């Protein structure tokens with residue numbers, strides 16, 4: 001009998017797919033790919049939920065993750081993706097929105113919640129920012145620094161190792177060509193960037209098809 005597995009993608013606007021008017025973002029590309037594979041008769045059904053909310057930090061994640069997991073719990077198994085940090089590390093009025101230690105604690109708590117519903121959990125790296133906005137206060141009043149991305153990604157890598165979780169390294173995939181993979185705001189990917197993210201992630205979801 002075929003299984004129905006749920007893939008739950010928690011994250012911010014980059015998970016949601018903001019600024020991608022062509023593909024709808026990397027999660028939506030994966031969603032279509034999984035559906036196509038199922039219709040071609042290849043393996044189990046993998047239903048992907050895009051649970052990205054623009055501007056969300058790990059503080060927002062903790063408020064909703066137990067309810068979201070409970071509401072979308074497949075008896076056949078769940079895969080949980082946690083993609084946070086780009087908003088947490090932003091500096092507003094001289095203060096980091098979620099400081100590194102607090103970020104680590106919040107992610108640890110989120111992992112604990114996820115483990116109640118899943119053995120398949122992936123932490124997703126933060127993308128590098130464009131050179132033009134690195135350390136610059138933008139119109140939203142936020143400032144983001146690439147050095148902080150390295151610090152927060154290290155926290156994610158350490159947590160992945162500590163809890164034996166998967167780690168999706170979009171940072172490494174973007175670093176060299178970030179100026180052509182990011183949109184005009186220097187934070188969100190463009191269509192090409194989202195396509196690259198999907199390419200990196202497809203082999204991961206193929207394991208569950």
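Residue numbers (the UniProt record's numbering): 1 to 209.
Idealized CB from N, CA, C, for every residue including glycine.
On a predicted model such as this, the values are computed, not experimentally measured, just so you know.
Assumed close pair residue 227, residue 125 - CB separation to whole angstroms, cut-off 8 Å: Outside the displayed span of the chain (1 to 209) sits residue 227, for which this structure offers no information.
Residue 196: buried (16+ other C-beta within 10 angstroms of its C-beta) or exposed? By the 10 Å Cβ count, residue 196 comes out buried.
If we count Cβ pairs, one from each stretch, closer than 8 Å, do we get three or more for the segment 34-41 versus the segment 96-109? In the pairwise beta carbon analysis, the segment 34-41 is classified as not touching the segment 96-109: fewer than three pairs are separated by under 8 Å.
Pick from 84, 3 and 51: whose alpha carbon is nearest that of residue 123? Considering only alpha carbons, the answer is 84.
In this structure, how does DSSP classify residue 3 when only helix, strand and coil are distinguished? In the displayed model, residue 3 falls within coil according to three-state DSSP, outside both helix and strand.
Rounded C-alpha distance that separates residue 28 from residue 137: Going by the C-alpha atoms only, they are around 31 Å apart.
Counting only the same chain and skipping the five closest in sequence on each side, list residues whose C-beta sits under 6 Å from that of residue 210. Since the first and last residues shown for the chain are 1 and 209, residue 210 lies out of range.
State the Cα-Cα distance for the pair residue 189 and residue 135, rounded to the nearest angstrom. Each residue's alpha carbon lies about 18 Å from the other.
Selection from 177, 68 and 72 that minimises the alpha carbon distance to residue 4: Minimum Cα distance to residue 4 is reached at 72.
Apart from the five residues on each side of it in sequence, which residues of its chain come closer than 6 Å, Cβ to Cβ, to residue 6? Spatial neighbours of residue 6 in its own chain (CB-CB distance under 6 Å, excluding positions within 5 residues in sequence) are listed in chain order as 47, 72, 74 and 78.
Just grab the DSSP bridge partners of residue 92 for me. Looking at the DSSP assignment, residue 92 forms a beta bridge with 95 and 142.
For my contact list, residue 62 and residue 15 are in at a C-beta cut-off of 8 Å; report their separation, rounded to the angstrom. About 16 Å separates the beta carbon of residue 62 from that of residue 15, a gap too long to meet the 8 Å contact definition.
Own chain residues within Cβ distance below 7 Å of residue 128, not counting five before or after: The residues are 146, 149, 171, 174, 175 and 178.
Can you check DSSP and say which residues form a bridge with residue 122? Bridge partners of residue 122: 81 and 166.
Close beta carbons around residue 82, own chain, < 8 Å, minus the five adjacent residues each side: If we look at residue 82 and ignore the five residues flanking it on each side, its Cβ neighbours are 10, 11, 61, 107, 110, 111, 114, 121, 122, 123 and 124.
Per DSSP, which residues does residue 50 bridge with? Please list them. As DSSP reads the structure, residue 50 sits in a beta bridge with 9.
With a threshold of 16 other CB atoms inside 10 Å of the CB of residue 70, please say whether the residue is buried or exposed. With fewer than 16 other CB atoms across the displayed protein chains lying within 10 angstroms of its CB, residue 70 is exposed.
In whole angstroms, what is the alpha-carbon distance linking residue 143 and residue 133? The alpha-carbon atoms of residue 143 and residue 133 are separated by roughly 8 Å.
From what residue to what residue does the alpha helix (DSSP H) around residue 64 run? Where residue 64 is concerned, the enclosing alpha helix (DSSP H) stretches over 58-71.
Rounded to the nearest angstrom, how far is the Cβ of residue 30 from that of residue 198, given a contact under 8 Å? Right, their Cβ atoms sit about 6 Å apart.
Going by alpha carbons, who is nearest to residue 151 out of 95, 58, 59 and 89? Of the listed residues, the one whose Cα sits closest to residue 151 is 89.
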